[in-house]
Amino acid sequence: MSIARARQRASKDTLPTNPPLSGKRKAEAALDDAPAEGSKTLLAGNLPLKTLNSDLVNFFGGKDGGVVHVRLDVKTNFTCFGYVEFDSVESAQRGLKLNGKTLIDRPILLYFARQRSGPAHTIFVDGFDSSLNSDEIRRSLEKHFSSCGEITRISITLDCYKSGDVKGTAKVQFKEAGSLIQALELNGSDLSGYSLVVKKAK
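In structure tokens, the structure reads:
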């Protein structure tokens, strides 16, 4: 194996799971570290909080650019991230070339979205008190579902279109499948006077 190919392979192996949110140099590194085979979906980071679905669609050229679906979420109270699905790997690779270009007032950071290596033992939770902030909700859900088993991640969906307020939906991911089964049994359970709706994520 040549030195150049060895370096390239090492670069792929160290691709960060969560993309950095600033820095032109790191944005350029995302292009160099992109998996060779790629995928049809890009992860778009460092988006302004006011970003709309239509902004991302237009950024990538809409249908002419191969965009078939856009989903926005919020990583913090100050920046959005989203997923852009294309009609082919080739379209996604063309879209990746826009990495570092400005969307509204920030340089957009693009990565190939990673595919999960195993089943995600995840539930959707609705019905909690959405007037609380995201940290309070996360702590409350963690305590409520901790008896089910080890929790690996809790995501609170925020309104990326307006103020960043909590939309009333959360995802709780467990390490083991058995924990998921126990969590589903908490459908209809009470959390601080609110009746939770718990469903398996698909």
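Counting from -11, one number per residue, gives the positions in the sequence shown under my numbering. Heads up, the beta-carbon is just placed ideally off N, CA and C, and yes, glycines get one too. Treat the numbers as computed from the prediction; the structure is a model and nothing was measured.
Secondary structure note for Asp43: its alpha helix (DSSP H) is the uninterrupted segment 41 to 47. Gly33 is classed as buried because its beta carbon has at least 16 other beta carbons within 10 Å across all chains shown. In this structure the stretch 133 to 140 lies against the stretch 154 to 172, because at least three pairs of beta carbons, one per stretch, are closer than 8 Å. With respect to the C-alpha of Gly181, the residue from Ser76, Phe116, Ser167 having the closest C-alpha is Phe116. In this structure, the straight-line span from the alpha carbon of Val55 to that of Phe48 is close to 7 Å.
Residue Ile96 holds the alpha-carbon nearest to the alpha-carbon of Cys68 among Ser167, Ile96, Ser183.
Taking all protein chains in view, the Cβ of Thr90 is surrounded by fewer than 16 other Cβ atoms within 10 Å, so the residue is classified as exposed.
Counted as a single uninterrupted DSSP element, the stretch harbouring Asp117 is not any alpha helix (DSSP H), since DSSP gives it neither H nor E.
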